[in-house]
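Sequence lines, in order, name chains Z and G.
Count the first sequence with my numbering and you get residues 24 to 226, in order.
Count the second sequence with my numbering and you get residues 24 to 226, in order.
Everything below concerns the one structure shown next.
2 protein chains.
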Amino acid sequence: MKLYDSIGPNPRLVRMFIAEKGLTIPTQTLDIRAGENRKPEHLARNPHGQTPTLELDNGSFLAEVTAICEYLEEKHPQPPLIGTTPEERAECRMWTRRIDLYICEPLTNGFRFAEGLKMFQDRVVCVPEAAPGLKKIAADRIRWMNEQMKGKEYVCGARLTLADLLLYGWLDFGAQVGQPLAPANTTIAEWFKRIAARPSAKA
Amino acid sequence: MKLYDSIGPNPRLVRMFIAEKGLTIPTQTLDIRAGENRKPEHLARNPHGQTPTLELDNGSFLAEVTAICEYLEEKHPQPPLIGTTPEERAECRMWTRRIDLYICEPLTNGFRFAEGLKMFQDRVVCVPEAAPGLKKIAADRIRWMNEQMKGKEYVCGARLTLADLLLYGWLDFGAQVGQPLAPANTTIAEWFKRIAARPSAKA
Chain Z
24 MKLYDSIGPN
34 PRLVRMFIAE
44 KGLTIPTQTL
54 DIRAGENRKP
64 EHLARNPHGQ
74 TPTLELDNGS
84 FLAEVTAICE
94 YLEEKHPQPP
104 LIGTTPEERA
114 ECRMWTRRID
124 LYICEPLTNG
134 FRFAEGLKMF
144 QDRVVCVPEA
154 APGLKKIAAD
164 RIRWMNEQMK
174 GKEYVCGARL
184 TLADLLLYGW
194 LDFGAQVGQP
204 LAPANTTIAE
214 WFKRIAARPS
224 AKA
Chain G
24 MKLYDSIGPN
34 PRLVRMFIAE
44 KGLTIPTQTL
54 DIRAGENRKP
64 EHLARNPHGQ
74 TPTLELDNGS
84 FLAEVTAICE
94 YLEEKHPQPP
104 LIGTTPEERA
114 ECRMWTRRID
124 LYICEPLTNG
134 FRFAEGLKMF
144 QDRVVCVPEA
154 APGLKKIAAD
164 RIRWMNEQMK
174 GKEYVCGARL
184 TLADLLLYGW
194 LDFGAQVGQP
204 LAPANTTIAE
214 WFKRIAARPS
224 AKA
């Protein structure tokens, strides 16, 4: 395996997942600010032009962070970060999709279409007028997550999973790009500290 | 197992998946137009207030369509609709997430914030000014998918997967709510006919 890596929350999630698994995977870092990920060489690996992309041992390329993490979990089940039974995996996938679709995506597009517009306007369809509303959607769902997390150590109760790493990475990213956690989300703030203290957070 | 069902593309995807698997799962249909999914009884099943929701045999409730389909695949591996090897599953999950995040979500929100605004404005944060741009994002990604599908029978090559059912359901939904497939997407149009001819499309 070989990981095509870069700055940004998506590659960081995969690095954290790899660190939590205790794996070492050879890595090549692309300069996405210079558009290295939009050049033919990387587009041949990932026609969507994104990082991270994982080169598998069979020579194929795997993109999309949740798919990459699922693959790493299947190849290296210990320690489990998705689950060890169909029911555990289902619970993790449910929360992962909620966080992915309802928090990460509007938060990221809220950034891309505003603070990040200069970098993204020639790369994807940008909708500047949508940015404030998308940020509001993300903030609303984070408030909802704060309610859901009450009394729980991690998103899936007692076990640390992909859902925690995903939420952590994007809240941390949000704080860096003008979408800090609202002070009322005290449950998430406590949980955030727990994840931030893990060695994998430095990955 | 018991499926809490309703109108809409999300429940339809799960019904198609169940039909392709040849399963029979007891079903209760909720009247989402009347807001039955926002009442305490359903919110106890799914605090996000959405359909479909699957009640598992252990009494827990599972929401989010891709998580439900993954669970059904694990419990009933034949015929495979995600994959039989880690590599096959990874490929399917990569395409499923691309379709989910970059096509289904902007298409659906483009509808919710415009044609569907009356139904959704008191249920979720709505951003009417984002609707035209979100529709443009979905259309752009559908055009991209059309390129990616050239020469392939299904999204993952020779095998029918969850990714096909997802894309089919949302393109069919889009056509019903003012986002028809652009005529230039001829590869997708041919593929669409193949999926529409399957008995599961009536589920």
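Quick reminder that beta carbons are idealized off the backbone N, C-alpha and C, glycines included.
None of these values were measured; they are calculated from a predicted model.
With a threshold of 9 Å between beta-carbons, can residue i be considered close to chain Z, or not?
i, result
"proline 70 (chain G)", "yes"
"threonine 107 (chain G)", "no"
"valine 178 (chain G)", "no"
"tyrosine 94 (chain G)", "yes"
"lysine 159 (chain G)", "yes"
"glycine 156 (chain G)", "yes"
"serine 83 (chain G)", "yes"
"tryptophan 167 (chain G)", "yes"
"arginine 116 (chain G)", "yes"
"threonine 89 (chain G)", "yes"
"aspartate 163 (chain G)", "yes"
"arginine 120 (chain G)", "yes"
"alanine 113 (chain G)", "yes"
"leucine 124 (chain G)", "yes"
"valine 200 (chain G)", "no"
"lysine 98 (chain G)", "yes"
"alanine 153 (chain G)", "yes"
"alanine 86 (chain G)", "yes"
"glutamine 51 (chain G)", "no"
"glutamate 248 (chain G)", "Only positions 24 to 226 of chain G appear in this structure, which leaves residue 248 (chain G) out of reach."
Applying the 10 Å Cβ sphere with the 16-neighbour rule, what's the burial state of residue i?
i, result
"serine 83 (chain G)", "exposed"
"methionine 142 (chain G)", "exposed"
"threonine 89 (chain Z)", "buried"
"leucine 190 (chain G)", "buried"
"threonine 47 (chain Z)", "exposed"
"asparagine 69 (chain G)", "buried"
"proline 34 (chain G)", "buried"
"lysine 225 (chain G)", "exposed"
"proline 129 (chain G)", "buried"
"threonine 74 (chain Z)", "buried"
"isoleucine 209 (chain Z)", "Sequence inspection shows threonine at residue 209 (chain Z); the isoleucine mentioned does not correspond to that position. It counts as exposed."
"glutamine 144 (chain G)", "exposed"
"lysine 1 (chain G)", "Outside the modelled stretch of chain G, which goes from 24 to 226, sits residue 1 (chain G), for which no answer is possible."
"glycine 180 (chain G)", "exposed"
"glycine 45 (chain Z)", "exposed"
"lysine 158 (chain Z)", "buried"
"glutamate 152 (chain G)", "exposed"
"alanine 161 (chain Z)", "buried"
The alpha helix (DSSP H) spanning residue i covers which residue range?
i, result
"lysine 44 (chain G)", "32–44"
"alanine 212 (chain Z)", "209–219"
For the beta strand (DSSP E) containing residue i, list its first residue and its last residue.
i, result
"leucine 26 (chain Z)", "25–28"
"threonine 47 (chain Z)", "No beta strand (DSSP E) contains threonine 47 (chain Z), which DSSP labels as neither H nor E."
When you compare each of the options to residue i by their alpha carbons, which one comes out closest?
i, options, result
"serine 29 (chain Z)", "Z:Asn60, Z:Phe40, Z:Lys98, Z:Val178", "Z:Asn60"
"glycine 192 (chain G)", "G:Arg112, G:Lys44, G:Ile122", "G:Ile122"
"threonine 52 (chain G)", "G:Met39, G:Gly106, G:Asp163, G:Thr76", "G:Thr76"
"threonine 131 (chain Z)", "G:Lys98, G:Ala207, G:Leu124", "G:Leu124"
"arginine 221 (chain Z)", "Z:Gln199, Z:Gly197, Z:Leu188", "Z:Leu188"
"alanine 137 (chain G)", "G:Ile218, G:Lys25, G:Val200, G:Pro32", "G:Val200"
"cysteine 115 (chain Z)", "Z:Arg135, Z:Lys173, Z:Glu93, Z:Lys98", "Z:Glu93"
"aspartate 80 (chain Z)", "Z:Trp214, Z:Leu66, Z:Lys25, Z:Val148", "Z:Lys25"
"alanine 67 (chain G)", "Z:Gln101, Z:Leu194, Z:Thr107, Z:Gln171", "Z:Gln171"
"threonine 108 (chain G)", "Z:Thr108, Z:Ala219, Z:Glu97", "Z:Glu97"
"isoleucine 165 (chain G)", "G:Val150, G:Pro102, G:Trp118, G:Val148", "G:Trp118"
"isoleucine 211 (chain G)", "G:Gln202, G:Lys175, G:Leu185", "G:Lys175"
"isoleucine 126 (chain Z)", "Z:Ile105, Z:Pro63, Z:Asp163, Z:Pro100", "Z:Asp163"
"glutamate 110 (chain G)", "Z:Gly156, Z:Glu78, Z:Pro206", "Z:Glu78"
"tryptophan 214 (chain G)", "G:Ala198, G:Leu183, G:Ile160", "G:Leu183"
"arginine 56 (chain G)", "G:Gly156, G:Arg146, G:Met168", "G:Arg146"
"isoleucine 105 (chain Z)", "Z:Gly139, Z:Tyr177, Z:Pro49, Z:Tyr27", "Z:Tyr177"
"alanine 154 (chain G)", "G:Trp167, G:Lys173, G:Phe134", "G:Phe134"
"tyrosine 27 (chain Z)", "Z:Arg120, Z:Ala219, Z:His65, Z:Leu95", "Z:His65"
"lysine 173 (chain Z)", "Z:Pro203, Z:Gly156, Z:Ala207", "Z:Ala207"
If you measure from the beta carbon of residue i to each beta carbon in chain G, is any gap under 9 Å?
i, result
"glutamate 59 (chain Z)", "no"
"valine 37 (chain Z)", "no"
"leucine 66 (chain Z)", "no"
"alanine 137 (chain Z)", "no"
"glutamate 110 (chain Z)", "yes"
"glutamine 144 (chain Z)", "no"
"glutamine 101 (chain Z)", "no"
"leucine 79 (chain Z)", "yes"
"leucine 128 (chain Z)", "Per the sequence presented here, residue 128 (chain Z) reads as glutamate, with leucine not at that position. Closer than 9 Å to some Cβ of chain G, the Cβ of glutamate 128 (chain Z) qualifies, so yes."
"alanine 207 (chain Z)", "no"
"glutamate 213 (chain Z)", "no"
Please find out if some non-hydrogen atom of the ligand FMN comes closer than 8 Å to the beta-carbon of residue i.
i, result
"asparagine 60 (chain G)", "What this structure holds is no ligand at all, so the ligand FMN is not there to describe."
query = Can you list the alpha helix (DSSP H) stretches of 4 or more residues lying completely in the stretch 124–204 of chain G, in chain order?
reply = 128–135, 140–143, 154–171, 185–199
task = Enumerate, from N- to C-terminal direction, the unbroken alpha helix (DSSP H) stretches of 4 or more residues contained entirely within the stretch 56–113 of chain G.
result = 63–66, 88–98
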